[in-house]
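Structure first, commentary second.
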Amino acid sequence: MALRNVVTEGDEVLRKHCREVAEVTDRIRMTMEDMLETMRAHSGVGIAAPQVGVLRRMFVAEPEPGRVYYMINPVILEQSGSQLDDEGCLSVPGFVGTVERPDHIKIEALDLEGKKQTYEFYDFDARVMCHEYDHLDGILYIDKATDIRDASELAEEEEEE
Ligand SMILES: [Zn+2]
Numbered sequence: 701m702a703l704r705n706v707v708t709e710g711d712e713v714l715r716k717h718c719r720e721v722a723e724v725t726d727r728i729r730m731t732m733e734d735m736l737e738t739m740r741a742h743s744g745v746g747i748a749a750p751q752v753g754v755l756r757r758m759f760v761a762e763p764e765p766g767r768v769y770y771m772i773n774p775v776i777l778e779q780s781g782s783q784l785d786d787e788g789c790l791s792v793p794g795f796v797g798t799v800e801r802p803d804h805i806k807i808e809a810l811d812l813e814g815k816k817q818t819y820e821f822y823d824f825d826a827r828v829m830c831h832e833y834d835h836l837d838g839i840l841y842i843d844k845a846t847d848i849r850d851a852s853e854l855a856e857e858e859e860e861e
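Residue numbers for the sequence shown follow my numbering, beginning at 701 and rising by one.
Right, dumping it as structure tokens:
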């Protein structure tokens, strides 16, 4: 595995519509493993292919340590409810913002073996999946956030409390 550079906001790669993965090859698997390593190196809970400059419909998510999901050609089949919470993004370092997301989703995707899997996610897991899914269509959380603010100011506020 190898670390990849994370593309940051302002780079138009993040605004492109990603193409489907035609076949789950060793190269795709290797890219996904690199994405996982890169995500962990930045203490992230999710990373999408365009964030490492690969314009393919795939992302990796680890909403809780050790619980890793590899999503290739994901499709959100159902979504319901709504939740409001803060999120950040490895491509927008140093900031957080409040984003409304569904609190339940049903999603299908190919796994690393190229097999179609269906998952249901709630709460934080659903938030992570929706955030990563948006990246595949060139959408960043800052497009939807109501109050983007400096993450270090937030940390200071919490220390003062
Ligand atoms: Zn992101």
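Glycine residues also receive a C-beta, built at the ideal position from the N, C-alpha and C atoms.
Inter-residue Cα distance where the pair is residue i and residue j
{"i": "Gly-710", "j": "His-717", "result": "15 Å"}
{"i": "Thr-731", "j": "Ile-839", "result": "21 Å"}
{"i": "Gly-744", "j": "Asp-726", "result": "24 Å"}
{"i": "Arg-849", "j": "Thr-708", "result": "17 Å"}
{"i": "Ala-741", "j": "Gln-779", "result": "31 Å"}
{"i": "Ile-842", "j": "Gly-797", "result": "7 Å"}
Integer Cβ distance of residue i from residue j, believed to fall under 8 Å
{"i": "Pro-763", "j": "Phe-824", "result": "6 Å"}
{"i": "Gly-781", "j": "Asp-803", "result": "4 Å"}
{"i": "Met-739", "j": "Val-760", "result": "6 Å"}
{"i": "Glu-808", "j": "Leu-777", "result": "6 Å"}
Alpha helix (DSSP H) segment containing residue i, residue limits
{"i": "Val-828", "result": "823-835"}
{"i": "Glu-712", "result": "Run containing Glu-712: none; DSSP gives neither H nor E here."}
{"i": "Asp-734", "result": "726-741"}
Segment limits, beta strand (DSSP E) that includes residue i
{"i": "Glu-720", "result": "Where Glu-720 is concerned, there is no enclosing beta strand (DSSP E), given that its DSSP letter is neither H nor E."}
{"i": "Glu-764", "result": "758-764"}
{"i": "Asp-786", "result": "783-787"}
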